[in-house]
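Here the structure comes first, spelled out in structure tokens, and everything after it is commentary.
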Amino acid sequence: MLRLNETYLGARVTSDEVARASATHADVLARCQAGEERYAGSLGWLHVDDWSSDERIAQIESLAACLRAQADTFVLIGVGGSNNAARATLAALGARDGSLDGTHRVVYAGNTLSAFELRRVLEDLEGHEVVINCVAKNFETLEPGSSFRLLRQWLVERHGEKNASSRIVCCGTPGSHLERLCHDHGYTFTTFPDPVGGRYTALTEVHLLPLAFAGADVRALVAGARAEEALLRDGTKDPLANDAWRYALIRRLAWDSGLRVELLSFFEPRFRWLSKWYEQLFGESEGKDGRGLFPASAEYSEELHSLGQYVQDGTPQVMETFLDVLEPSAGDSLVLGGSDIDDRFGYLDGVDFWDVNKASFTATRAAHASALPCPTLELDRLDAEHLGRLFYFLMFSCYLSASLLGVNPFDQPGVESYKQLMFRTLGRR
Ligand code: PA5
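Residue numbers for the sequence shown follow our numbering, so the first one is -8 and each next one is one higher.
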């Protein structure tokens, strides 16, 4: 299960205020649960099964099996919503160098314009059997477009035009230029759902294909999301029993009380890429019209020795949402032995790092809660099912939260300004 623990909410945003705000804004929850007509073109993710039915998952698994048979390396060419969720999932599931099973790995491109980084990617592909997957909703974004150019040429030089085509998969919207390109050159084409914006695609084939290639349990991921959808969209339940709704209300009340930053803090480095996904989701969805909490993240315990000081005592503008996993999974235990020297850490004899890390977490939360609201998102376990729950929970919360704030959760008009200036500099017509 996934739940919101409000024990450490503190005095700035109280549970009573949450209950009052819930009654005032009850219509927002009902509208979002049903899915609003005005956002019909962006709400394809709301009902998980629409784009991740069992039948579609079977097709993805079968394509992934074909790709696994001819390659050990899958280059995921995509930026933002076209790459973050797969990367976040693999990292959270404990992938080492992009691989869960030690035989097949995912490598990332299309998310940078740095020649140095792209050279690294090319060097890293030498000696491997490679397939590339260009994920681009509108196929205009510079990062994936330029990386696809580079990597397609790399494949053609190695395998020749004809043999390279079986190693190229593109994910785009039906009717797009990318689809035409695939048709003309014999590349495999997969569907980027038109009514789903990049940052809401976590549970669609955009991400399920790379995950299936890497051997992740995509069925469990989708099952977790479906279970979460059933809980959060149940309009017969008391709104206050809806954790996504309470979380969205807390965010809104925090904003109203003058806070301007939400820090997603965690004590498990495996959440590093998930926090990037969260930053993109909330940043692009809410940061508009001069509004929105700035989404940032803190990887503790390391950043207790940098950001922690500011969070505790700095400008009072931060609310801190902790992400916590309750039960250890395989690999989460490491017991410290006794020492034959007097290092003054004898109190750690026989203690598990899992418990040391938890002590650091509970102490941090108790300390920070004296100054700022510290809600906690608790996952029973860190596995594919719970990650599916978390993706759905945060996407639905973001829809609610942006609606409470009065901004459109599904556009990103600000991103256009830099793009137009950059395209002009590069001479694009
Ligand atoms: O969430 C969004 O819509 C964006 O962040 C996109 O995912 C990102 O810009 C990549 O877009 P595209 O797939 O069109 O290259």
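Yeah, the Cβ is synthetic: ideal placement off N, Cα and C, and Gly gets one too.
- Between S288 and T355, the gap from beta carbon to beta carbon reaches 9 Å or more.
- For S256, the secondary structure class from DSSP, reduced to helix, strand or coil, is strand.
- Of the candidates L223, V4, G89, S138, S138 places its Cα closest to the Cα of A106.
- Distances taken from the Cβ of A127 to the heavy atoms of the ligand PA5 include one shorter than 8 Å.
- Between the C-alpha atoms of V9 and L363 there is a straight-line separation of about 16 Å.
- Spanning the alpha carbons of D45 and D374 requires a straight line of approximately 20 Å.
- Taking every protein chain shown into account, the CB of D234 has 16 or more other CB atoms within 10 angstroms, so this residue is buried.
- At least 9 Å separates the beta-carbon of L104 from that of E131.
- If you check the C-beta of T132 against the ligand PA5, you find a heavy atom less than 8 Å away.
- Taken from the Cβ of Y390, every heavy atom of the ligand PA5 lies 8 Å or farther away.
- Straight-line spacing of the CA atoms in W268 and G337 works out to 40 Å.
- Rounded to whole angstroms, the separation of the alpha carbons of D304 and I332 is 37 Å.
- Residue environment: M413 is assigned as exposed (fewer than 16 neighbouring CB atoms within 10 Å of its CB, all protein chains considered).
- For M(-8), the three-state secondary structure derived from DSSP is coil.
- The DSSP-derived three-state label of V122 is strand.
- If you ignore the 5 residues before and after A17, its C-beta comes within less than 7 Å of the C-beta of P230, all in its own chain and listed in chain order.
- The C-alpha of K228 lies about 22 Å from the C-alpha of H377.
- Uninterrupted alpha helix (DSSP H) stretches at least 4 residues long and entirely within the stretch 7 to 79 occur at 17 to 25, 39 to 42, 45 to 61, given in chain order.
- Here the stretch 305 to 325 lies against the stretch 251 to 263, with 3 or more beta-carbon pairs under 8 Å apart.
- Checking the 8 Å criterion, the Cβ of Y191 is within range of a heavy atom belonging to the ligand PA5.
- Fewer than three Cβ pairs drawn from the stretch 79 to 93 and the stretch 117 to 130 lie within less than 8 Å of each other, which leaves the two stretches out of contact.
- In the same chain as W345, and ignoring 5 residues on each side of it, the C-beta atoms closer than 6 Å to its own belong to P319, D323, S324, in chain order.
- Look at G405 here: in three-state DSSP terms it is helix.
- If one requires a minimum length of 4 residues, the alpha helix (DSSP H) runs lying completely within the stretch 271 to 327 are 298 to 304, in chain order.
- The distance from the Cβ of E120 to that of T64 is about 7 Å, consistent with a contact at the 8 Å cut-off.
- Annotation for Q300 indicates a beta carbon at 8 Å or more from all heavy atoms of the ligand PA5.
- Around the beta carbon of A62, a 10 Å sphere encloses 16 or more other beta carbons of the protein chains shown; the residue is thus reported as buried.
- Secondary structure in the stretch 125 to 213: the alpha helix (DSSP H) runs of 4 residues or longer, each lying completely within the stretch, are 133 to 156, 168 to 176, 196 to 204 in chain order.
- Distance from the Cα of S43 is smallest, within the candidate group S388, L295, G379, for G379.
- By the criterion of a C-beta distance shorter than 6 Å, P286 is surrounded in its chain by E253, E270, F273, G274, once the five residues flanking it on both sides are discounted.
- Inter-residue distance for P366 and A76 is about 23 Å (C-alpha atoms, whole angstroms).
- Relative to the ligand PA5, even the nearest heavy atom lies 8 Å or more away from the CB of S324.
- Secondary structure of E376 (DSSP, three-state): helix.
- Remark: the C-beta of G188 is in contact range of the ligand PA5, defined as less than 8 Å to any heavy atom.
- Relative to the non-hydrogen atoms of the ligand PA5, the Cβ of G35 never comes closer than 8 Å to any of them.
- Excluding five sequence positions before and after Y238, the CB atoms of its chain that fall closer than 7 Å to its own CB belong to L(-5), P366, S388, given in chain order.
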